[in-house]
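The structure under discussion appears below in the form of structure tokens.
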Amino acid sequence: MDIARTVSNPDGTPEMADAARTPAEPTVIKREDYRPFGWLIPEIALDFQLGLEKTRVSAKLTVQRNAKADRTDMLRLNGDGLTPLEVVVDGEVVNSWSMDGEDLMVPLVSDSHLVEIVTEIDPSSNTQLMGLYASNGMLCTQCEAEGFRRITFFPDRPDVLSTYRVRMTGPKDQFPVLLSNGNPGASGENDDGTHWAEWHDPWPKPSYLFALVAGDLVANTDTFTTMSGREVTLNIYVREGDLERTGHAMESLKKSMQWDEEVFGREYDLDIFNIVAVSDFNMGAMENKGLNVFNTKYVLADPDTATDGDFDGVEGVIAHEYFHNWSGNRVTCRDWFQLSLKEGFTVLRDQLFSQDMGSEPVKRIEDVRVLRGIQFPEDSGPLAHPIRPDSYREISNFYTATVYNKGAEVIRMMRTMAGEEAFRKGCDLYFERHDGEAATCEDFVKAIEDGAGLDLTQFRRWYSQAGTPQVSVRMEHDGDAVTLHLKQEVPSTPGQPDKQPMPIPLKLALFDKANGSHRGEELVVLDKEEASVTFTDFADKPVLSLNRGFTAPVSIRQEVSGEDLVFLAAHDDDPFARYEAMQELVVTHLKQACAGELDDDARDAGRKAIGDALAAVLADDTLDDLMRGELLILPTQTYLMEQMEAADPGVIHAERQGLRGWLGKQLEADFIALHGRASDMPYSLDAEARGARKVKTQALIYLAEANPALASKMGAGQYDAADNMTDRQGALMVLAGLQTPERTHKLLDYYNRYKDNALVVDKWFAIQAQSLHPHAIEHVKALADHPQFTLKNPNRVRSLYMAFAANPHAFHAADGEGYRMIADLILELDPINPQTAARFVSPFGRWRRIESGRSALMREQLERIAAAGNLSRDTHEQVIRSLG
Ligand code: PHE
Ligand code: ZN
Numbered sequence: 042m043d044i045a046r047t048v049s050n051p052d053g054t055p056e057m058a059d060a061a062r063t064p065a066e067p068t069v070i071k072r073e074d075y076r077p078f079g080w081l082i083p084e085i086a087l088d089f090q091l092g093l094e095k096t097r098v099s100a101k102l103t104v105q106r107n108a109k110a111d112r113t114d115m116l117r118l119n120g121d122g123l124t125p126l127e128v129v130v131d132g133e134v135v136n137s138w139s140m141d142g143e144d145l146m147v148p149l150v151s152d153s154h155l156v157e158i159v160t161e162i163d164p165s166s167n168t169q170l171m172g173l174y175a176s177n178g179m180l181c182t183q184c185e186a187e188g189f190r191r192i193t194f195f196p197d198r199p200d201v202l203s204t205y206r207v208r209m210t211g212p213k214d215q216f217p218v219l220l221s222n223g224n225p226g227a228s229g230e231n232d233d234g235t236h237w238a239e240w241h242d243p244w245p246k247p248s249y250l251f252a253l254v255a256g257d258l259v260a261n262t263d264t265f266t267t268m269s270g271r272e273v274t275l276n277i278y279v280r281e282g283d284l285e286r287t288g289h290a291m292e293s294l295k296k297s298m299q300w301d302e303e304v305f306g307r308e309y310d311l312d313i314f315n316i317v318a319v320s321d322f323n324m325g326a327m328e329n330k331g332l333n334v335f336n337t338k339y340v341l342a343d344p345d346t347a348t349d350g351d352f353d354g355v356e357g358v359i360a361h362e363y364f365h366n367w368s369g370n371r372v373t374c375r376d377w378f379q380l381s382l383k384e385g386f387t388v389l390r391d392q393l394f395s396q397d398m399g400s401e402p403v404k405r406i407e408d409v410r411v412l413r414g415i416q417f418p419e420d421s422g423p424l425a426h427p428i429r430p431d432s433y434r435e436i437s438n439f440y441t442a443t444v445y446n447k448g449a450e451v452i453r454m455m456r457t458m459a460g461e462e463a464f465r466k467g468c469d470l471y472f473e474r475h476d477g478e479a480a481t482c483e484d485f486v487k488a489i490e491d492g493a494g495l496d497l498t499q500f501r502r503w504y505s506q507a508g509t510p511q512v513s514v515r516m517e518h519d520g521d522a523v524t525l526h527l528k529q530e531v532p533s534t535p536g537q538p539d540k541q542p543m544p545i546p547l548k549l550a551l552f553d554k555a556n557g558s559h560r561g562e563e564l565v566v567l568d569k570e571e572a573s574v575t576f577t578d579f580a581d582k583p584v585l586s587l588n589r590g591f592t593a594p595v596s597i598r599q600e601v602s603g604e605d606l607v608f609l610a611a612h613d614d615d616p617f618a619r620y621e622a623m624q625e626l627v628v629t630h631l632k633q634a635c636a637g638e639l640d641d642d643a644r645d646a647g648r649k650a651i652g653d654a655l656a657a658v659l660a661d662d663t664l665d666d667l668m669r670g671e672l673l674i675l676p677t678q679t680y681l682m683e684q685m686e687a688a689d690p691g692v693i694h695a696e697r698q699g700l701r702g703w704l705g706k707q708l709e710a711d712f713i714a715l716h717g718r719a720s721d722m723p724y725s726l727d728a729e730a731r732g733a734r735k736v737k738t739q740a741l742i743y744l745a746e747a748n749p750a751l752a753s754k755m756g757a758g759q760y761d762a763a764d765n766m767t768d769r770q771g772a773l774m775v776l777a778g779l780q781t782p783e784r785t786h787k788l789l790d791y792y793n794r795y796k797d798n799a800l801v802v803d804k805w806f807a808i809q810a811q812s813l814h815p816h817a818i819e820h821v822k823a824l825a826d827h828p829q830f831t832l833k834n835p836n837r838v839r840s841l842y843m844a845f846a847a848n849p850h851a852f853h854a855a856d857g858e859g860y861r862m863i864a865d866l867i868l869e870l871d872p873i874n875p876q877t878a879a880r881f882v883s884p885f886g887r888w889r890r891i892e893s894g895r896s897a898l899m900r901e902q903l904e905r906i907a908a909a910g911n912l913s914r915d916t917h918e919q920v921i922r923s924l925g
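Each residue of the sequence shown is one higher than the one before, starting from 42 at the first, in my numbering.
What follows is the structure, encoded as structure tokens:
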């Protein structure tokens, strides 16, 4: 199906999703305006008559006055694109209701009522993928954040908690499997070919956690016995042919359940836990109570079709959604400003889990790379916001790296300051105090404060202030005393010109250069704008290793010699700090090179220092290959751009590739040997074999720049010999950047081999959109016309265009062609799927911190989008903020 270019209905009328279009200025919602809802809805019963084109929904709400809220005689039920077909109050059909915009207003005079409402929806035309929608012939729901109001009229806010009874009826051949939240109840068949099923969820929950799935699915079934001895049935539902790729997800689920019991003392609370994989999904996955709905990308994995990274992604996301059962579901959010309460905490929990399952330092390095690559640019751009925002127009725009990843870092800092044991006490207290409630970030901080015995008064600023703090450090050596002068600055961000100092926990060590060791780690909490700490007994000036383990999400400025960085890169006993020294060595050199500060000799000297450090990394047999692979990865272009005020992507790209080529030449023999050694390792999922695959492709990446002809041959060889996707994709990724015949051959072979597997076809699109090939833009344009490209599937859209927008050398083409292409995409996608369209706006935020020519071109595209009429609330908000 190719609907990429022409977005129209069969009858020729323009197709418009019924998202909120922007009439004038959409309402700004403010955190300070929070008021409890006037009514409680302790119970809801939903009856669904299912059909792909027409689903009839009858909702029965028990409604009671909320004594803790202002008195009102009006019940406001949110709707989005709904018409009430029938409104019944206490058994009588009424027509006293009215509409206020999209909301249904029902006047109620007594203290408790039974309100019944009937609506009808068309899941097949729901291209936004919010509410009830059709995907590959099945029906499924997505309700977070405000999708439930597209199914039935309801107070669609997270602080209204109800127990749900669901009954659904549908054609048995079309929908043999009928699922909802909670535990299964009665089911049966009718004479007309339909069947029905009932589900009951005893745990009160907000509407965003509601889910329903109906389809022709098969399950991988297993069981888990909880710590109190209850047996829980586990199902992973997929489409027929996908069953053999669910084993890893099931193992990950069982490990997650076990880990949450052992590390956080949290036990599962229903008889059954269901996961359903769907191929049309806006995000990664969703934690609906007892019925998680997943993007297929985070469920399906086998060695032939999934890389090692994909396996980790499945494990991490399965854990994340499972952990939400406590951090999100049992204790939920009072309002959407508190999103980081569940997301920051749950990301931290899944990170700690993955650290325990695999290599702790490597996982930490990966998480920091994501933070720096995505969250730091967000925090320094026009979309910067605190982890607990103060206002929004469209909440979907606040599912960000700041709320998720910086949110996790903020909680990690509390854990670092408290220590593991005290932190656990704080978490226990939080769950105990707020179980069954809709809580706030403040509730969480208070519980950690009380339970862990910390004073977090000043620390609360991490929740209210945006921007990545800059910490500068200067070392003074006088006699045998060493003094560190520390200084922090929190940059101004939109709406927050002035900042207060925050407590910044920095783990550090001082290395004795002569013996290569230190006297123990110290934790220094910098809580003033400036502070000094002194250490004595240092006859010689030591080498400082700062922010070890990345204890604080800050960026460090320090005058440190290349020599000291080489020392730390070789000797630091904290693997993260070692990685950091290696990165710093490269960043410092490239910054100077890009600023034109280096003559030929100085450039050679800089490259040589990096080359020596890299040679040491290659030769060091105390390193495992997973860690070695991290030390071989050059800082990303995005991270480098972040380090410069008015970055020129063309110059950075040239310098970075130049360095890579130089290193590849210098160490050619070593890289060839490394590739050979790694290729001898047979496939397995253990750390050693995974490490071998990681360094194998790294070696190829260096060689590709130094000796393209050789790398092309070796890449083709790696591709042909591959018995797993990691090797195959690694080889293809390198080949895709080269202008050799092997490139064309292998891209074609890959497509033909995997053309029936959507997730691998996604990779095929992404590999080309991400490539270093000089004609990447033309390739992307051509791929948009490929028969397998469609704007209706978010994974496919992301595989082509997100990959492209994240490819700095292509996206930032000097003539602005990359910008034009993404702006065109936004305008075309917005009417189909506004949530996904809006995500493409953020790359344009860079316009404020890029050289002037590109800056103007980027701004021009933002203005073009802003000028287009009828934008969704999602895209409109992001464009307005970006232009700021
Ligand atoms: N709450 C989901 C998660 O983080 C993410 C999500 C948000 C999914 C909104 C769909 C829609 O686990
Ligand atoms: Zn989450």
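Virtual Cβ for every residue (Gly too), placed ideally from N, Cα, C.
Computed from a predicted structure; not experimentally measured.
Let me check one thing: in DSSP terms, what residues is tryptophan 367 bridge-paired to?
In the sequence shown, the residue the question calls residue 367 occupies position 326. According to DSSP, which records beta bridges pairwise, tryptophan 367 is partnered with nothing at all.
At a threshold of 7 Å, does histidine 365 count as lining the ligand ZN (C-beta to nearest heavy atom)?
Looking up residue 365 in the sequence shown gives position 324. Checking the Cβ of histidine 365 against the ligand ZN gives yes.
Is threonine 441 a contact residue of the ligand ZN, with contact defined as CB to any heavy atom under 7 Å?
Locating residue 441 in the sequence shown gives position 400, where the first residue counts as 1. Outside the cutoff, so no.
C-alpha distance - lysine 735 paired with methionine 668, whole-angstrom precision
Walking along the sequence shown from the start, residue 735 turns up at place 694. Walking along the sequence shown from the start, residue 668 turns up at place 627. Going by the C-alpha atoms only, they are around 9 Å apart.
Answer yes or no: the CB of alanine 361 versus the heavy atoms of the ligand ZN, is any distance below 7 Å?
Taking the sequence shown and counting its residues from 1, one reaches residue 361 at position 320. Looking at the sequence shown, residue 361 is not alanine but histidine. For the ligand ZN, at least one heavy atom lies less than 7 Å from the Cβ of histidine 361.
Among residues of its own chain, excluding the 5 on either side of proline 217, which ones have a beta-carbon nearer than 6 Å to its beta-carbon?
Indexing the sequence shown from 1 puts residue 217 at position 176. So the list reads Asp257, once near-sequence residues are dropped.
DSSP has glutamate 328 in a bridge; who is on the other side?
Looking up residue 328 in the sequence shown gives position 287. Residue pairing by DSSP leaves glutamate 328 without any beta bridge partner.
Determine the DSSP secondary structure at arginine 922, reduced to helix, strand or coil.
Numbered from 1 along the sequence shown, position 881 holds the residue referred to as residue 922. If DSSP states are grouped into helix, strand and coil, arginine 922 belongs with the helices.
Around the Cβ of aspartate 761, are there at least 16 other Cβ atoms within 10 angstroms (buried) or fewer (exposed)?
The sequence position of residue 761 within the sequence shown is 720, counting from 1. That one is exposed.
Limits of the unbroken alpha helix (DSSP H) element including asparagine 96
Position 55 of the sequence shown, counted from the start, is the residue given in the question as residue 96. Per the sequence shown, residue 96 should be read as threonine rather than asparagine. No alpha helix (DSSP H) contains threonine 96, which is instead part of the beta strand (DSSP E) from 96–106.
Beta strand (DSSP E) containing glutamate 892: first to last residue?
For this step, residue 892 is matched to residue 851 along the sequence shown. Element bounds for glutamate 892: n/a, residue is neither H nor E.
Closer than 7 Å: is that where the CB of alanine 488 sits relative to any heavy atom of the ligand PHE?
On the sequence shown, residue 488 is found 447 positions in, with the first residue counted as 1. No, the Cβ of alanine 488 stays beyond 7 Å of every heavy atom of the ligand PHE.
Look at proline 77 and aspartate 200 and say whether their C-beta atoms are less than 8 Å apart.
Looking up residue 77 in the sequence shown gives position 36. Looking up residue 200 in the sequence shown gives position 159. Yes.
Does the separation of the CB atoms of valine 273 and threonine 264 fall below 8 Å?
By 1-based counting over the sequence shown, the position of residue 273 is 232. By 1-based counting over the sequence shown, the position of residue 264 is 223. Against a cut-off of 8 Å, the Cβ pair of threonine 264 and valine 273 comes out as a contact.
So, using beta-carbon positions, are glycine 886 and proline 430 closer together than 8 Å?
The count along the sequence shown starts at 1 and reaches residue 886 at position 845. The count along the sequence shown starts at 1 and reaches residue 430 at position 389. Going by C-beta atoms, glycine 886 is not nearer than 8 Å to proline 430.
If we require 4 or more residues per run, which alpha helix (DSSP H) segments fall completely within the region 491–534?
502–505
Rounded to a whole number of angstroms, what is the C-alpha to C-alpha distance between alanine 45 and alanine 825?
One-based indexing of the sequence shown puts residue 45 at position 4. One-based indexing of the sequence shown puts residue 825 at position 784. Residue placement at alanine 45 is poorly supported in this model, since its pLDDT is 31, which falls under 50; the coordinates still yield a value, given next. Computed Cα separation, rounded: 7 Å.
If you follow the beta strand (DSSP E) that asparagine 874 is part of, which residue opens it and which one closes it?
One-based indexing of the sequence shown puts residue 874 at position 833. Looking at the DSSP string, asparagine 874 is not in any beta strand (DSSP E), and its letter there is neither H nor E.
Please indicate yes or no: does the CB of alanine 878 lie closer than 7 Å to some heavy atom of the ligand PHE?
Within the sequence shown, numbered from 1, the residue matching residue 878 stands at position 837. Answer for alanine 878: no, Cβ out of range of the ligand PHE.
Could you tell me the distance, in whole angstroms, from the CA atom of leucine 250 to the CA atom of proline 212?
Within the sequence shown, numbered from 1, the residue matching residue 250 stands at position 209. Within the sequence shown, numbered from 1, the residue matching residue 212 stands at position 171. For leucine 250 and proline 212, the distance between alpha carbons rounds to 25 Å.
CA-to-CA distance, aspartate 915 to glutamine 876, given in whole angstroms:
Position 835 of the sequence shown holds residue 876. Position 874 of the sequence shown holds residue 915. Each residue's alpha carbon lies about 6 Å from the other.
With distances taken from CA atoms, which of Asp661, Val920, Glu473, Ala695 is nearest threonine 677?
For the purposes of this step, residue 677 is taken as the residue at position 636 of the sequence shown. Checking every option, the nearest Cα to that of threonine 677 belongs to Ala695.
What are the boundary residues of the beta strand (DSSP E) that glutamine 416 is part of?
Along the sequence shown, read from residue 1 onward, the residue named residue 416 stands at position 375. Where glutamine 416 is concerned, there is no enclosing beta strand (DSSP E), given that its DSSP letter is neither H nor E.
Are the C-beta of lysine 295 and some C-beta of chain C separated by less than 8 Å?
The question asks about chain C, but that chain is absent: this structure has only one protein chain.
Apply the 10 Å Cβ neighbour rule to arginine 434 and answer buried if 16 or more other Cβ atoms are within range, or exposed otherwise.
By 1-based counting over the sequence shown, the position of residue 434 is 393. When all chains shown are included, arginine 434 counts as buried.
Could you check what DSSP says for asparagine 834 in three-state terms: helix, strand or coil?
Along the sequence shown, read from residue 1 onward, the residue named residue 834 stands at position 793. In this structure, asparagine 834 counts as coil in the three-state DSSP scheme.
In its own chain, which residues sit with a C-beta less than 6 Å from the C-beta of glycine 357, not counting the 5 before and 5 after it?
As a working mapping, residue 357 is identified with position 316 in the sequence shown. Taking glycine 357 as the centre and dropping the five residues before and after it, the same chain places the C-beta of Asp391, Ser395 closer than 6 Å to its C-beta, in chain order.
Are the beta-carbon atoms of asparagine 446 and valine 411 separated by less than 8 Å?
Numbered from 1 along the sequence shown, position 405 holds the residue referred to as residue 446. Numbered from 1 along the sequence shown, position 370 holds the residue referred to as residue 411. The Cβ atoms of asparagine 446 and valine 411 lie closer than 8 Å to each other.
What residue does the beta strand (DSSP E) around phenylalanine 89 start on, and which one ends it?
Your numbering for residue 89 matches position 48 in the sequence shown. Element bounds for phenylalanine 89: 80–90.
List the DSSP bridge partners of threonine 266.
Here residue 266 corresponds to residue number 225 of the sequence shown, with the count starting at 1. As a beta-bridge residue in DSSP terms, threonine 266 pairs with Glu272.
Hey, glycine 778 and alanine 745 are a contact pair by Cβ (cut 8 Å); roughly how many whole angstroms apart?
Residue mapping note: residue 778 aligns to position 737 of the sequence shown, counting from 1. Residue mapping note: residue 745 aligns to position 704 of the sequence shown, counting from 1. The pair is a contact, with the Cβ atoms about 6 Å apart (cut-off 8 Å).
Is threonine 629 helix, strand or coil when you go by DSSP?
Sequence index remark: in the sequence shown, residue 629 carries index 588 (1-based). Three-state result, threonine 629: helix.
Looking at the ligand ZN, does it come within less than 7 Å of glutamate 272, judged from the CB to the closest heavy atom?
Within the sequence shown, numbered from 1, the residue matching residue 272 stands at position 231. Shortest gap from the CB of glutamate 272 to any heavy atom of the ligand ZN: 7 Å or more.
Here's the rule: buried if 16 or more other CB atoms are within 10 angstroms of the residue's CB, otherwise exposed. What is aspartate 242?
Translated into positions along the sequence shown, residue 242 becomes position 201. Buried is the call here.
Please give me, in chain order, every unbroken run of the beta strand (DSSP E) with length at least 3 that falls completely inside the region 572–603.
584–587, 596–599
Simplified DSSP state of serine 49, which is helix, strand or coil
Along the sequence shown, one-based indexing puts residue 49 at 8. In this prediction, serine 49 has a pLDDT of 32, which is less than 50 and means its spatial position is unreliable; nothing more can be read from the coordinates.
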